[in-house]
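So the structure is just underneath, and the comments pick up after that.
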Amino acid sequence: MRVRRVLNIQQKLLYLAQALAVYRFSKGMVGIFIPFVILQGGGTLLMVAGYYLIRTAGKLLLNFEAMRLIRRYGAHVGLALGFTFEVLQLAGIFGFVSTQELAFVLFGGAAAALADAFSDNARHLFIPRIMQDRAKSSSLATLEIMGQVADFLGPLVGAMIGIFLGADWLLAIALVVLTVTYFPLRAMGRIAAFDGTTLRFTFRGAPPRDLIANFCQCADESIGLMLWPIYLAIFLGTFETIGAVAGLTALVTMIVVWVAGRRGDRGRLEPVLRQGTYALSAMNLLRTLAVTPGSIALVGSGYMASREYLLNAWNATFYTHAKRKGLEYVYAMETASGLAYTFIWSLLFVLVLVLDDVRTIFVAVFVLAAALIWGTFLFTRIERRRYAGPFRIR
3 MRVRRVLNIQ QKLLYLAQAL AVYRFSKGMV GIFIPFVILQ GGGTLLMVAG
53 YYLIRTAGKL LLNFEAMRLI RRYGAHVGLA LGFTFEVLQL AGIFGFVSTQ
103 ELAFVLFGGA AAALADAFSD NARHLFIPRI MQDRAKSSSL ATLEIMGQVA
153 DFLGPLVGAM IGIFLGADWL LAIALVVLTV TYFPLRAMGR IAAFDGTTLR
203 FTFRGAPPRD LIANFCQCAD ESIGLMLWPI YLAIFLGTFE TIGAVAGLTA
253 LVTMIVVWVA GRRGDRGRLE PVLRQGTYAL SAMNLLRTLA VTPGSIALVG
303 SGYMASREYL LNAWNATFYT HAKRKGLEYV YAMETASGLA YTFIWSLLFV
353 LVLVLDDVRT IFVAVFVLAA ALIWGTFLFT RIERRRYAGP FRIR
(Lines of atoms letter the chains of each structure in order from A and count residues from 1; the text may use other names and numbers.)
(Lines give C-alpha, C1' and ligand atoms only; values in the text may rest on other atoms or scores of the structure.)
Protein backbone atom coordinates (compact mmCIF):
# COMPACT_ATOMS: atom_id res chain seq x y z
CA MET A 1 0.00 0.00 0.00
CA ARG A 2 2.79 2.44 0.87
CA VAL A 3 4.53 1.73 -2.44
CA ARG A 4 1.30 2.38 -4.32
CA ARG A 5 0.80 5.73 -2.56
CA VAL A 6 4.33 6.88 -3.29
CA LEU A 7 4.05 5.85 -6.94
CA ASN A 8 0.50 7.21 -7.38
CA ILE A 9 -0.72 4.16 -9.28
CA GLN A 10 -3.68 1.80 -8.98
CA GLN A 11 -3.05 -1.65 -7.49
CA LYS A 12 -3.82 -3.58 -10.69
CA LEU A 13 -1.68 -1.20 -12.70
CA LEU A 14 1.08 -1.72 -10.15
CA TYR A 15 1.04 -5.46 -10.82
CA LEU A 16 1.26 -4.72 -14.55
CA ALA A 17 4.06 -2.24 -13.94
CA GLN A 18 6.03 -4.81 -11.94
CA ALA A 19 5.65 -7.47 -14.64
CA LEU A 20 6.58 -5.07 -17.43
CA ALA A 21 9.56 -3.73 -15.46
CA VAL A 22 11.05 -7.21 -15.12
CA TYR A 23 10.24 -7.90 -18.77
CA ARG A 24 11.87 -4.66 -19.91
CA PHE A 25 14.91 -5.29 -17.72
CA SER A 26 15.41 -8.64 -19.41
CA LYS A 27 14.81 -7.15 -22.86
CA GLY A 28 17.11 -4.25 -22.00
CA MET A 29 19.88 -6.71 -21.16
CA VAL A 30 19.64 -8.19 -24.66
CA GLY A 31 17.29 -6.24 -26.95
CA ILE A 32 19.57 -3.28 -27.57
CA PHE A 33 22.39 -5.73 -28.34
CA ILE A 34 20.49 -8.10 -30.70
CA PRO A 35 21.71 -6.45 -33.95
CA PHE A 36 25.24 -6.28 -32.50
CA VAL A 37 25.11 -9.94 -31.44
CA ILE A 38 23.85 -11.03 -34.88
CA LEU A 39 26.49 -8.97 -36.69
CA GLN A 40 29.23 -10.09 -34.31
CA GLY A 41 28.12 -13.69 -34.76
CA GLY A 42 28.72 -13.56 -38.51
CA GLY A 43 25.39 -12.16 -39.68
CA THR A 44 24.82 -9.38 -42.21
CA LEU A 45 22.82 -6.15 -42.19
CA LEU A 46 20.36 -7.78 -44.59
CA MET A 47 19.91 -10.62 -42.11
CA VAL A 48 19.16 -8.13 -39.31
CA ALA A 49 16.65 -6.30 -41.54
CA GLY A 50 15.03 -9.64 -42.38
CA TYR A 51 14.73 -10.51 -38.70
CA TYR A 52 12.83 -7.28 -37.98
CA LEU A 53 10.69 -7.64 -41.11
CA ILE A 54 9.55 -11.11 -40.00
CA ARG A 55 8.94 -9.76 -36.51
CA THR A 56 6.77 -6.83 -37.62
CA ALA A 57 4.88 -8.52 -40.48
CA GLY A 58 4.19 -11.52 -38.25
CA LYS A 59 2.74 -9.32 -35.52
CA LEU A 60 0.43 -7.66 -38.06
CA LEU A 61 -0.95 -11.05 -39.10
CA LEU A 62 -1.29 -12.32 -35.52
CA ASN A 63 -2.99 -9.30 -33.90
CA PHE A 64 -6.58 -10.43 -34.45
CA GLU A 65 -6.20 -13.94 -33.05
CA ALA A 66 -4.05 -12.67 -30.18
CA MET A 67 -6.75 -10.19 -29.15
CA ARG A 68 -9.44 -12.87 -29.34
CA LEU A 69 -7.45 -15.13 -27.05
CA ILE A 70 -6.69 -12.30 -24.59
CA ARG A 71 -10.36 -11.28 -24.51
CA ARG A 72 -11.34 -14.85 -23.68
CA TYR A 73 -8.69 -15.80 -21.11
CA GLY A 74 -7.52 -12.49 -19.66
CA ALA A 75 -4.69 -10.01 -20.02
CA HIS A 76 -2.42 -11.85 -17.60
CA VAL A 77 -2.55 -14.95 -19.83
CA GLY A 78 -1.73 -12.80 -22.87
CA LEU A 79 1.26 -11.29 -21.09
CA ALA A 80 2.44 -14.71 -19.93
CA LEU A 81 2.30 -15.99 -23.52
CA GLY A 82 4.10 -12.89 -24.75
CA PHE A 83 6.87 -13.32 -22.22
CA THR A 84 7.15 -17.04 -23.06
CA PHE A 85 7.62 -16.29 -26.75
CA GLU A 86 10.21 -13.68 -25.76
CA VAL A 87 12.15 -16.51 -24.15
CA LEU A 88 11.91 -18.49 -27.40
CA GLN A 89 13.09 -15.45 -29.35
CA LEU A 90 16.16 -15.17 -27.16
CA ALA A 91 16.72 -18.91 -27.60
CA GLY A 92 16.67 -18.39 -31.37
CA ILE A 93 19.34 -15.68 -31.16
CA PHE A 94 21.30 -17.92 -28.78
CA GLY A 95 21.12 -20.70 -31.38
CA PHE A 96 22.43 -18.41 -34.12
CA VAL A 97 25.38 -17.30 -31.98
CA SER A 98 26.27 -20.95 -31.38
CA THR A 99 25.75 -22.30 -34.93
CA GLN A 100 25.63 -19.32 -37.36
CA GLU A 101 22.57 -20.96 -38.96
CA LEU A 102 20.12 -18.55 -40.63
CA ALA A 103 17.17 -20.69 -39.53
CA PHE A 104 17.69 -19.59 -35.92
CA VAL A 105 17.41 -15.90 -36.87
CA LEU A 106 14.18 -16.63 -38.76
CA PHE A 107 12.87 -18.58 -35.77
CA GLY A 108 13.82 -15.71 -33.46
CA GLY A 109 11.95 -13.22 -35.65
CA ALA A 110 8.80 -15.40 -35.68
CA ALA A 111 8.93 -15.87 -31.89
CA ALA A 112 9.41 -12.12 -31.43
CA ALA A 113 6.29 -11.51 -33.57
CA LEU A 114 4.26 -13.72 -31.24
CA ALA A 115 5.79 -12.07 -28.18
CA ASP A 116 4.88 -8.58 -29.42
CA ALA A 117 1.37 -9.60 -30.52
CA PHE A 118 0.46 -11.03 -27.12
CA SER A 119 2.29 -8.63 -24.79
CA ASP A 120 1.36 -5.40 -26.62
CA ASN A 121 -2.31 -6.30 -27.09
CA ALA A 122 -2.65 -7.54 -23.51
CA ARG A 123 -1.31 -4.22 -22.23
CA HIS A 124 -3.56 -2.19 -24.53
CA LEU A 125 -6.65 -4.14 -23.46
CA PHE A 126 -5.81 -4.27 -19.76
CA ILE A 127 -5.07 -0.58 -19.15
CA PRO A 128 -8.31 0.99 -20.52
CA ARG A 129 -10.36 -1.72 -18.82
CA ILE A 130 -9.22 -0.70 -15.33
CA MET A 131 -7.76 2.80 -15.76
CA GLN A 132 -9.43 5.59 -13.80
CA ASP A 133 -9.69 8.94 -15.58
CA ARG A 134 -8.44 10.78 -12.52
CA ALA A 135 -4.63 11.04 -12.52
CA LYS A 136 -4.39 8.88 -15.63
CA SER A 137 -1.38 10.77 -16.95
CA SER A 138 0.62 10.45 -13.74
CA SER A 139 -0.35 6.77 -13.45
CA LEU A 140 0.88 6.14 -16.98
CA ALA A 141 3.99 8.18 -16.22
CA THR A 142 4.65 6.02 -13.14
CA LEU A 143 4.15 2.90 -15.25
CA GLU A 144 6.70 4.21 -17.74
CA ILE A 145 9.18 5.44 -15.14
CA MET A 146 9.30 1.97 -13.59
CA GLY A 147 9.97 0.65 -17.07
CA GLN A 148 12.64 3.27 -17.66
CA VAL A 149 14.43 2.24 -14.46
CA ALA A 150 14.55 -1.26 -15.96
CA ASP A 151 15.67 0.21 -19.30
CA PHE A 152 18.44 2.08 -17.48
CA LEU A 153 19.73 -0.92 -15.54
CA GLY A 154 19.20 -3.58 -18.23
CA PRO A 155 21.72 -2.34 -20.84
CA LEU A 156 24.32 -1.58 -18.17
CA VAL A 157 24.02 -5.06 -16.65
CA GLY A 158 23.90 -6.57 -20.14
CA ALA A 159 27.04 -4.69 -21.17
CA MET A 160 28.94 -5.93 -18.11
CA ILE A 161 27.85 -9.52 -18.72
CA GLY A 162 28.72 -9.24 -22.42
CA ILE A 163 32.17 -7.80 -21.68
CA PHE A 164 33.22 -10.28 -19.00
CA LEU A 165 31.23 -13.42 -19.83
CA GLY A 166 30.24 -13.10 -23.50
CA ALA A 167 27.04 -13.19 -25.54
CA ASP A 168 26.14 -16.77 -24.55
CA TRP A 169 25.96 -15.90 -20.86
CA LEU A 170 24.11 -12.67 -21.62
CA LEU A 171 21.31 -14.51 -23.39
CA ALA A 172 21.17 -17.28 -20.77
CA ILE A 173 20.88 -14.87 -17.81
CA ALA A 174 18.18 -12.86 -19.61
CA LEU A 175 16.16 -16.07 -19.98
CA VAL A 176 16.37 -16.70 -16.23
CA VAL A 177 15.33 -13.12 -15.37
CA LEU A 178 12.22 -13.43 -17.54
CA THR A 179 10.87 -16.22 -15.35
CA VAL A 180 10.45 -13.73 -12.46
CA THR A 181 7.50 -12.15 -14.31
CA TYR A 182 5.37 -15.11 -13.22
CA PHE A 183 4.79 -13.64 -9.75
CA PRO A 184 3.24 -10.23 -10.63
CA LEU A 185 1.28 -11.83 -13.47
CA ARG A 186 -0.25 -14.28 -11.02
CA ALA A 187 -1.21 -11.34 -8.78
CA MET A 188 -2.93 -9.55 -11.67
CA GLY A 189 -5.54 -12.26 -11.99
CA ARG A 190 -8.01 -12.64 -14.80
CA ILE A 191 -9.61 -9.52 -16.26
CA ALA A 192 -13.34 -9.82 -16.97
CA ALA A 193 -14.66 -10.19 -20.51
CA PHE A 194 -15.40 -6.99 -22.38
CA ASP A 195 -19.11 -6.66 -21.56
CA GLY A 196 -20.33 -8.66 -24.53
CA THR A 197 -18.33 -6.71 -27.10
CA THR A 198 -17.74 -8.81 -30.22
CA LEU A 199 -14.41 -8.42 -31.95
CA ARG A 200 -14.75 -8.12 -35.72
CA PHE A 201 -12.13 -7.97 -38.43
CA THR A 202 -12.70 -4.32 -39.33
CA PHE A 203 -11.01 -0.93 -39.49
CA ARG A 204 -14.23 0.87 -38.56
CA GLY A 205 -13.49 0.84 -34.86
CA ALA A 206 -11.32 3.97 -35.17
CA PRO A 207 -11.77 7.14 -37.26
CA PRO A 208 -9.44 7.44 -40.31
CA ARG A 209 -7.56 10.37 -38.81
CA ASP A 210 -6.64 8.31 -35.73
CA LEU A 211 -5.46 5.45 -37.95
CA ILE A 212 -3.25 7.79 -39.99
CA ALA A 213 -1.90 9.43 -36.83
CA ASN A 214 -1.07 6.04 -35.34
CA PHE A 215 0.57 4.89 -38.58
CA CYS A 216 2.83 7.95 -38.53
CA GLN A 217 3.63 7.66 -34.82
CA CYS A 218 4.49 3.97 -35.11
CA ALA A 219 6.56 4.49 -38.27
CA ASP A 220 8.67 6.93 -36.26
CA GLU A 221 8.79 4.45 -33.38
CA SER A 222 9.99 1.60 -35.61
CA ILE A 223 12.84 3.82 -36.82
CA GLY A 224 13.64 5.45 -33.49
CA LEU A 225 13.44 2.37 -31.27
CA MET A 226 13.95 -0.69 -33.48
CA LEU A 227 16.29 0.59 -36.19
CA TRP A 228 18.38 2.65 -33.76
CA PRO A 229 20.05 -0.43 -32.17
CA ILE A 230 21.30 -1.37 -35.66
CA TYR A 231 22.79 2.10 -35.99
CA LEU A 232 24.48 1.69 -32.60
CA ALA A 233 25.81 -1.75 -33.56
CA ILE A 234 27.41 -0.38 -36.75
CA PHE A 235 28.71 2.99 -35.54
CA LEU A 236 29.60 2.10 -31.94
CA GLY A 237 30.30 -1.60 -32.16
CA THR A 238 31.16 -2.55 -28.56
CA PHE A 239 29.18 -3.74 -25.55
CA GLU A 240 30.63 -0.91 -23.45
CA THR A 241 29.57 2.02 -25.63
CA ILE A 242 26.17 0.61 -26.60
CA GLY A 243 25.33 -0.13 -22.94
CA ALA A 244 26.50 3.31 -21.78
CA VAL A 245 24.46 5.13 -24.44
CA ALA A 246 21.33 3.09 -23.64
CA GLY A 247 21.71 3.67 -19.89
CA LEU A 248 22.19 7.41 -20.27
CA THR A 249 19.15 7.59 -22.54
CA ALA A 250 16.91 5.84 -19.99
CA LEU A 251 18.14 8.06 -17.14
CA VAL A 252 17.30 11.29 -18.99
CA THR A 253 13.96 9.86 -20.10
CA MET A 254 12.80 9.10 -16.54
CA ILE A 255 12.97 12.78 -15.62
CA VAL A 256 11.13 13.92 -18.73
CA VAL A 257 8.34 11.33 -18.33
CA TRP A 258 7.66 12.52 -14.77
CA VAL A 259 7.29 16.11 -16.01
CA ALA A 260 4.98 15.01 -18.83
CA GLY A 261 2.76 13.06 -16.41
CA ARG A 262 2.38 16.04 -14.11
CA ARG A 263 1.41 18.30 -17.01
CA GLY A 264 -1.04 15.74 -18.39
CA ASP A 265 -2.95 15.54 -15.10
CA ARG A 266 -3.39 19.30 -15.28
CA GLY A 267 -5.21 19.04 -18.59
CA ARG A 268 -2.14 19.80 -20.71
CA LEU A 269 -2.28 16.71 -22.94
CA GLU A 270 -2.52 18.62 -26.23
CA PRO A 271 0.48 20.93 -25.56
CA VAL A 272 2.53 17.93 -24.45
CA LEU A 273 1.62 16.07 -27.65
CA ARG A 274 2.41 19.09 -29.80
CA GLN A 275 5.71 19.89 -28.08
CA GLY A 276 6.76 16.25 -28.22
CA THR A 277 6.12 16.21 -31.97
CA TYR A 278 8.28 19.28 -32.53
CA ALA A 279 11.11 17.78 -30.51
CA LEU A 280 10.92 14.36 -32.18
CA SER A 281 11.09 15.83 -35.65
CA ALA A 282 14.13 17.89 -34.68
CA MET A 283 15.89 14.92 -33.03
CA ASN A 284 15.35 12.72 -36.07
CA LEU A 285 17.03 15.34 -38.24
CA LEU A 286 19.89 15.69 -35.76
CA ARG A 287 20.43 11.93 -35.95
CA THR A 288 21.66 12.40 -39.52
CA LEU A 289 24.64 14.29 -38.04
CA ALA A 290 25.43 11.95 -35.11
CA VAL A 291 28.51 9.84 -35.89
CA THR A 292 30.70 10.01 -32.76
CA PRO A 293 29.87 8.22 -29.47
CA GLY A 294 29.27 11.56 -27.71
CA SER A 295 26.92 12.95 -30.37
CA ILE A 296 25.11 9.62 -30.67
CA ALA A 297 24.57 9.56 -26.89
CA LEU A 298 23.25 13.15 -26.82
CA VAL A 299 20.92 12.77 -29.77
CA GLY A 300 19.74 9.32 -28.63
CA SER A 301 18.93 10.68 -25.18
CA GLY A 302 17.16 13.68 -26.66
CA TYR A 303 15.09 11.48 -28.96
CA MET A 304 14.00 9.07 -26.24
CA ALA A 305 13.16 11.88 -23.83
CA SER A 306 11.10 13.57 -26.55
CA ARG A 307 9.38 10.31 -27.48
CA GLU A 308 8.38 9.45 -23.92
CA TYR A 309 7.23 13.03 -23.36
CA LEU A 310 4.94 12.70 -26.39
CA LEU A 311 3.86 9.17 -25.51
CA ASN A 312 2.58 10.17 -22.09
CA ALA A 313 -0.01 12.42 -23.73
CA TRP A 314 -0.50 10.00 -26.62
CA ASN A 315 -1.20 7.00 -24.36
CA ALA A 316 -3.49 8.97 -22.05
CA THR A 317 -5.52 10.01 -25.11
CA PHE A 318 -5.39 6.56 -26.71
CA TYR A 319 -6.55 4.72 -23.58
CA THR A 320 -9.35 7.24 -23.03
CA HIS A 321 -10.61 6.63 -26.58
CA ALA A 322 -10.23 2.86 -26.09
CA LYS A 323 -12.20 2.99 -22.87
CA ARG A 324 -15.02 4.88 -24.60
CA LYS A 325 -15.11 3.16 -27.99
CA GLY A 326 -14.28 -0.42 -27.08
CA LEU A 327 -12.35 -3.39 -28.32
CA GLU A 328 -12.49 -2.69 -32.04
CA TYR A 329 -10.84 0.69 -31.57
CA VAL A 330 -7.81 -1.06 -30.09
CA TYR A 331 -7.76 -3.64 -32.89
CA ALA A 332 -8.00 -1.00 -35.64
CA MET A 333 -5.22 1.06 -34.10
CA GLU A 334 -3.00 -2.00 -33.61
CA THR A 335 -3.52 -2.92 -37.26
CA ALA A 336 -2.45 0.57 -38.34
CA SER A 337 0.57 0.14 -36.07
CA GLY A 338 1.45 -3.19 -37.68
CA LEU A 339 1.17 -1.71 -41.16
CA ALA A 340 3.57 1.08 -40.17
CA TYR A 341 6.18 -1.31 -38.77
CA THR A 342 5.94 -3.59 -41.79
CA PHE A 343 6.21 -0.66 -44.20
CA ILE A 344 9.38 0.67 -42.54
CA TRP A 345 11.13 -2.68 -42.38
CA SER A 346 10.13 -3.60 -45.93
CA LEU A 347 11.59 -0.26 -47.02
CA LEU A 348 14.80 -0.89 -45.08
CA PHE A 349 15.10 -4.40 -46.52
CA VAL A 350 14.85 -2.99 -50.05
CA LEU A 351 17.30 -0.16 -49.32
CA VAL A 352 19.88 -2.62 -48.00
CA LEU A 353 19.48 -4.66 -51.19
CA VAL A 354 19.90 -1.75 -53.61
CA LEU A 355 22.27 0.62 -51.78
CA ASP A 356 25.86 -0.07 -50.76
CA ASP A 357 26.36 3.01 -48.57
CA VAL A 358 25.05 2.25 -45.06
CA ARG A 359 25.28 5.90 -44.05
CA THR A 360 22.95 6.93 -46.89
CA ILE A 361 20.37 4.34 -45.80
CA PHE A 362 20.25 5.66 -42.25
CA VAL A 363 20.09 9.30 -43.33
CA ALA A 364 17.14 8.50 -45.60
CA VAL A 365 15.09 6.77 -42.91
CA PHE A 366 15.86 9.40 -40.25
CA VAL A 367 14.63 12.15 -42.59
CA LEU A 368 11.53 10.07 -43.32
CA ALA A 369 10.83 9.75 -39.58
CA ALA A 370 11.26 13.52 -39.12
CA ALA A 371 8.54 14.09 -41.73
CA LEU A 372 6.10 11.34 -40.71
CA ILE A 373 5.93 12.28 -37.03
CA TRP A 374 3.94 15.40 -37.94
CA GLY A 375 1.02 13.10 -38.71
CA THR A 376 0.40 12.80 -34.95
CA PHE A 377 -1.43 16.14 -35.12
CA LEU A 378 -4.34 14.26 -36.72
CA PHE A 379 -5.02 12.36 -33.48
CA THR A 380 -8.57 13.05 -32.24
CA ARG A 381 -8.68 15.16 -29.09
CA ILE A 382 -10.40 13.90 -25.94
CA GLU A 383 -13.98 15.08 -25.64
CA ARG A 384 -14.66 16.60 -22.23
CA ARG A 385 -17.75 14.60 -21.27
CA ARG A 386 -18.83 11.63 -19.18
CA TYR A 387 -19.15 8.44 -21.14
CA ALA A 388 -20.49 5.02 -20.15
CA GLY A 389 -18.90 2.85 -22.85
CA PRO A 390 -17.98 -0.82 -23.04
CA PHE A 391 -14.86 -0.29 -20.90
CA ARG A 392 -16.68 1.68 -18.18
CA ILE A 393 -15.55 0.76 -14.67
CA ARG A 394 -18.47 -0.15 -12.44
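For the numbering used here, add 2 to where a residue sits in the sequence shown, where the first one is 1. The beta-carbon is built from N, C-alpha and C at its ideal position, and this holds for glycine as well. Owing to the predicted nature of the structure, the values given are computational and were not obtained by experimental measurement.
9 Å Cβ cutoff met for Thr290 and Val365: Locating residue 290 in the sequence shown gives position 288, where the first residue counts as 1. Locating residue 365 in the sequence shown gives position 363, where the first residue counts as 1. Yes. Within cutoff.
Neighbour-count burial assignment, Thr319, 16 or more Cβ in a 10 Å radius: In the sequence shown, the residue the question calls residue 319 occupies position 317. Result: buried.
Whole-Å CB distance - Ala119 paired with Ala176, under 8 Å assumed: Position 117 of the sequence shown, counted from the start, is the residue given in the question as residue 119. Position 174 of the sequence shown, counted from the start, is the residue given in the question as residue 176. The Cβ separation is near 20 Å, so there is no contact.
Within 9 Å, strictly: CB atoms of Phe128 and Gly377: As a working mapping, residue 128 is identified with position 126 in the sequence shown. As a working mapping, residue 377 is identified with position 375 in the sequence shown. Not in contact: Phe128 and Gly377 (Cβ atoms no closer than 9 Å).
Contact under 9 Å by Cβ, Ala315 with Leu275: Your numbering for residue 315 matches position 313 in the sequence shown. Your numbering for residue 275 matches position 273 in the sequence shown. Yes, the pair counts as a contact, with Cβ atoms nearer than the cut-off.
Three-state secondary structure assigned by DSSP to Leu349: Translated into positions along the sequence shown, residue 349 becomes position 347. Shown here, Leu349 sits in a helix according to DSSP, grouped into three states.
DSSP-derived helix/strand/coil call for Gly45: Here residue 45 refers to the residue found at position 43 when the sequence shown is read from its first residue. Three-state result, Gly45: coil.
Reduced DSSP secondary structure (H/G/I, E/B, other) of Arg206: The sequence position of residue 206 within the sequence shown is 204, counting from 1. Three-state result, Arg206: coil.
9 Å Cβ cutoff met for Phe87 and Leu116: Translated into positions along the sequence shown, residue 87 becomes position 85. Translated into positions along the sequence shown, residue 116 becomes position 114. Cβ distance < 9 Å, so Phe87 and Leu116 count as in contact.
Coarse secondary structure for Leu291, derived from DSSP in three states: Here residue 291 is taken as the residue at index 289 of the sequence shown, counted from 1. Assigned with DSSP and collapsed to three states, Leu291 falls in coil, not helix or strand.
Contact set for Thr344: own chain, Cβ-Cβ below 6 Å, skip 5 residues either direction: Numbered from 1 along the sequence shown, position 342 holds the residue referred to as residue 344. Only Thr58, Ala59, Leu62 meet the Cβ criterion.
Leu92 versus Tyr321 - alpha carbon distance: Counting from one through the sequence shown, the residue named residue 92 turns up at place 90. Counting from one through the sequence shown, the residue named residue 321 turns up at place 319. Rounded to the nearest angstrom, the two C-alpha atoms are 30 Å apart.
Three-state secondary structure (DSSP) of Arg57: Your numbering for residue 57 matches position 55 in the sequence shown. Here Arg57 sits in helix by DSSP.
Pairwise C-alpha distance: Thr181 and Ala36: In the sequence shown, residue 36 corresponds to position 34, counting from 1. In the sequence shown, residue 181 corresponds to position 179, counting from 1. It is Ile, not Ala, that sits at residue 36 in the sequence shown. Going from the Cα of Ile36 to the Cα of Thr181 covers about 20 Å.
Beta-carbon spacing of Gln219, Phe98 below 9 Å: Within the sequence shown, residue 219 is the residue found at index 217, counting from 1. Within the sequence shown, residue 98 is the residue found at index 96, counting from 1. No. Outside cutoff.
Span separating the alpha-carbon of Ala208 from that of Lys327: One-based indexing of the sequence shown puts residue 208 at position 206. One-based indexing of the sequence shown puts residue 327 at position 325. Cα to Cα, the separation comes out at about 8 Å.
Local conformation of Leu22 per DSSP, three classes: What you label residue 22 is simply residue 20 of the sequence shown in a count that begins at 1. Leu22 falls in the helix class under three-state DSSP.
Close Cβ partners of Gly304 (< 6 Å) along its chain, the five nearest in sequence each way excluded: As a first step, residue 304 must be located in the sequence shown, where it is residue number 302. The residues are Met285.
Closest by C-alpha distance to Arg309, when choosing among Tyr333, Gly278, Val332: Here residue 309 refers to the residue found at position 307 when the sequence shown is read from its first residue. For Arg309, the nearest C-alpha among the options comes from Gly278.
CB of Phe379 within 9 Å of CB of Ala215, strictly: On the sequence shown, position 377 is the one that residue 379 refers to. On the sequence shown, position 213 is the one that residue 215 refers to. Their beta carbons are under 9 Å apart, which means Phe379 touches Ala215 by this criterion.
Status (buried if at least 16 other CB within 10 Å, exposed otherwise) for Trp230: For the purposes of this step, residue 230 is identified with residue 228 of the sequence shown, where counting begins at 1. By the Cβ neighbour-count rule, Trp230 is buried, with 16 or more other Cβ atoms within 10 Å of its own.
Ala211 in three-state terms, based on DSSP: Numbered from 1 along the sequence shown, position 209 holds the residue referred to as residue 211. With the sequence shown as reference, residue 211 is identified as Arg, and Ala is not the correct amino acid for it. If DSSP states are grouped into helix, strand and coil, Arg211 belongs with the helices.
Sub-9 Å separation of Leu329 and Arg73 beta-carbons: On the sequence shown, residue 329 is found 327 positions in, with the first residue counted as 1. On the sequence shown, residue 73 is found 71 positions in, with the first residue counted as 1. Their beta carbons are under 9 Å apart, which means Leu329 touches Arg73 by this criterion.
Buried or exposed (CB count within 10 angstroms, at least 16 for buried), Leu357: Position 355 of the sequence shown, counted from the first residue, corresponds to residue 357. Residue environment for Leu357: exposed (fewer than 16 other C-beta atoms within 10 angstroms of its C-beta).
Candidates Ala334, Pro273, Thr362, Gly94: closest to Gly43 by CA position: Reading the sequence shown from its first residue, position 41 is the one you call residue 43. Of the listed residues, the one whose Cα sits closest to Gly43 is Gly94.
Distance between beta carbons of Met228 and Tyr54, contact taken as under 8 Å: In the sequence shown, the residue the question calls residue 54 occupies position 52. In the sequence shown, the residue the question calls residue 228 occupies position 226. At roughly 6 Å, the Cβ-Cβ gap stays under 8 Å, so Tyr54 and Met228 are in contact.
Backbone CA spacing between Val360 and Gly76 [nearest angstrom]: Position 358 of the sequence shown holds residue 360. Position 74 of the sequence shown holds residue 76. Answer to the nearest angstrom: the Cα atoms are 44 Å apart.
Backbone secondary structure at Leu313 - three-state DSSP: Indexing the sequence shown from 1 puts residue 313 at position 311. DSSP, read as helix, strand or coil, puts Leu313 in helix.
First and last residue of the uninterrupted alpha helix (DSSP H) at Arg383: Taking the first residue of the sequence shown as 1, we reach residue 383 at position 381. No alpha helix (DSSP H) contains Arg383, which DSSP labels as neither H nor E.
DSSP state of Val369 mapped onto helix, strand, coil: Position 367 of the sequence shown, counted from the first residue, corresponds to residue 369. It is helical.
Rounded separation between Ser100 and Arg383 - CA only: Position 98 of the sequence shown, counted from the start, is the residue given in the question as residue 100. Position 381 of the sequence shown, counted from the start, is the residue given in the question as residue 383. Rounded to the nearest angstrom, the two C-alpha atoms are 50 Å apart.
Through-space distance from Ala281 to Ile375, alpha-carbon basis: Position 373 of the sequence shown, counted from the start, is the residue given in the question as residue 375. Position 279 of the sequence shown, counted from the start, is the residue given in the question as residue 281. The alpha-carbon atoms of Ile375 and Ala281 are separated by roughly 10 Å.
Buried versus exposed, by CB contacts within 10 Å (16 or more), Leu350: On the sequence shown, position 348 is the one that residue 350 refers to. That one is buried.
Closest Cα partner of Leu155 within the set Gly226, Ser28, Pro186, Ala235: Taking the sequence shown and counting its residues from 1, one reaches residue 155 at position 153. If we check each option's Cα against that of Leu155, Ser28 comes out closest.
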